[in-house]
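Reviewing the structure listed below.
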Amino acid sequence: NLQSFTMDCIDCHNRPTHQFESAQQAIDRRMATGLIPRELPFVKKLGLELLEKDYKDRDNANVAIATGLRQFYANEANGGPYDAALVTRAIRGLQEAWSANIFPRMNVTWNSTIDHLGHGRDFDRGCARCHDGRHTTDDGTAISSDCDSCHLVLADREIAPQLVERLRNRKD
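Residue numbers (my numbering): 122 to 293.
Following this line, the structure appears as C-alpha cells:
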C-alpha cells in the first residue's frame, strides 16, 4: 500500500528548471564558447541537419553525428580534408548539445518543451501563467505570486551593490 500525499511544485519542477534549447540555440551557444569551432565552414548548417534528425537513443545519435561530420569534412568536394582536431571538437560539441536537450524515452525532443521562463511581454507566459491569482486549490487558495517563492533577490534597485563586488573578489 502506497501512502498518498499532497504534491508540491517541486515534485515536478526543480527551482531553476532544466532549460531546454532549440537546436539552433544549442549550436549558437556552443559556437560562442568555442565548444563547436567556428573555423569549420558550414558547421552550423550541417550541425542543425544532424541534430534535428530523429535518433532512437544517445548511442545512435552519437554515431550519426560523428559519421556525418567526419564524412563531410573529409570530402575533397567540400574543401576537405579539414583539421581532425577541429572536426573532433565539433563532434563533441554537437553530441553534447544533443545529449543535454533530447531524451527519447521521455519524448523530449527539440522544441517539445516550451520555455515558460521569464515574464513575457504581456505577462502571458512564464511565471504569470500559473502564478496569476487564478490558479487555486480545492479550498480556493491561490498559487503565490510572491517573487520570493522562486527567486532569491540579492540586490534590488541598488547602485553598485556591494554584493556584486564581494562576489567578484571572492577567492574560492
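Using N, Cα and C, we set each Cβ at its ideal position, and we do this for glycine too.
- Within its own chain, the residues whose Cβ lies closer than 6 angstroms to the Cβ of Arg159, once the five positions on either side in sequence are excluded, are Met152, listed in chain order.
- The Cβ-Cβ distance between Trp231 and Ser143 falls below 8 angstroms.
- When rounded, the separation of the alpha-carbon atoms in Lys165 and Asp253 is 40 angstroms.
- In the three-state scheme derived from DSSP, where H, G and I count as helix and E and B as strand, Phe224 is classed as strand.
- Phe163 sits exposed, since fewer than 16 C-beta atoms from the chains shown fall within 10 Å of its C-beta.
- The three-state reading of DSSP puts Thr188 in helix, counting H, G and I together.
- CA-to-CA, the gap between Ala205 and Gln192 works out to about 12 angstroms.
- The closest CA to that of Leu167, considering only Arg287, Ala185, Ser125, is found on Ala185.
- In this structure, the alpha-carbon of Thr154 lies about 21 angstroms from that of Glu173.
- Gly200 and Asp149 have their C-alpha atoms some 23 angstroms from each other.
- Excluding five sequence positions before and after Gln140, none of the CB atoms of its chain fall closer than 6 angstroms to its own CB.
- Residue burial annotation: Leu190 is buried, with at least 16 other C-beta atoms found within 10 angstroms of its C-beta.
- Separation of the CB atoms of Leu123 and Gln145 is rounded to 43 angstroms, and the pair is thereby denied contact status at 8 angstroms.
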